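Take a look at the structure set out below.
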Amino acid sequence: MHKLLQEAEAASKRENALQFSIGDTVDVHCRILEGDKERIQHFTGVVIARRGSGTREMFTVRRIVAGEGVERTFPVHSPKIASLEVVRHGRTRRAKLFYLRERSGKATRLTERRRGKRDEVQE
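Numbering (the working numbering), first residue to last: 130 to 252.
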C-alpha cells in the first residue's frame, strides 16, 4: 500500500524541490488569479513550521503587518507557488518556532546562520 501511494504522489511532486529550513526568512512568490488575469504576489516572512510528507507537506510563514502577526500556510508542492527565495538563514534549535507568536518587536529576530561545512553539504 505504501509503495502505491508513493507512485501516485510522484506525479504531483515538484521537479525542483524547494530548499529551505525552519527559521529561514523566505520570499514566497504566489500565483493569484483575479478574473482571467494572473499575477504574482510576494509573501515575505519567517518559516515557523514544516509538517507532513510527500505531496501533503506544508510550511507556515509568519510576518508582522501593521503590528499584527499574520501567518500563512503553503503546500510545498503546490503549483500556485511560482518560486521561493531564501532571504536569510536563521539559526534555530527547534523544529517548530511557535514561541515567536508571543514575542514582538526585536525579540522576534533570529540570529543569522553562518555558512559552514554542514550548510554546504545541504545545498
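Glycine is no exception: its CB is placed at the ideal position from the N, C-alpha and C atoms. Predicted model, so just to flag it, every value in this text is computed and none were measured.
Other residues of its chain near residue i: CB distance less than 6 Å, five sequence neighbours each side excluded
i: Leu-239; result: Gly-152 and Gly-219
i: Thr-189; result: Ile-177, Ala-178, Glu-200 and Thr-202
i: Leu-213; result: Leu-147, Val-155 and Val-157
Span of the alpha helix (DSSP H), counted from its first residue to its last, around residue i
i: Lys-132; result: 131-139
Span of the beta strand (DSSP E) around residue i
i: Phe-149; result: Unbroken run through Phe-149: none, as it is neither H nor E.
i: Val-216; result: 210-217
i: Gly-245; result: From DSSP, Gly-245 is part of no beta strand (DSSP E); its letter is neither H nor E.
i: Phe-203; result: 197-204
i: Glu-167; result: 166-180
i: Phe-188; result: 187-194
Local Cβ density within 10 Å of residue i, reported as buried at 16 or more and exposed below that
i: Val-157; result: buried
i: Gly-196; result: exposed
i: Gly-174; result: buried
i: Leu-226; result: buried
i: Leu-134; result: exposed
For residue j and residue i, believed in contact at Cβ under 8 Å, the rounded distance
i: Ser-141; j: Thr-184; result: 5 Å
Own chain residues within Cβ distance below 8 Å of residue i, not counting five before or after
i: Glu-186; result: Arg-179, Arg-180, Pro-204, Val-205 and His-206
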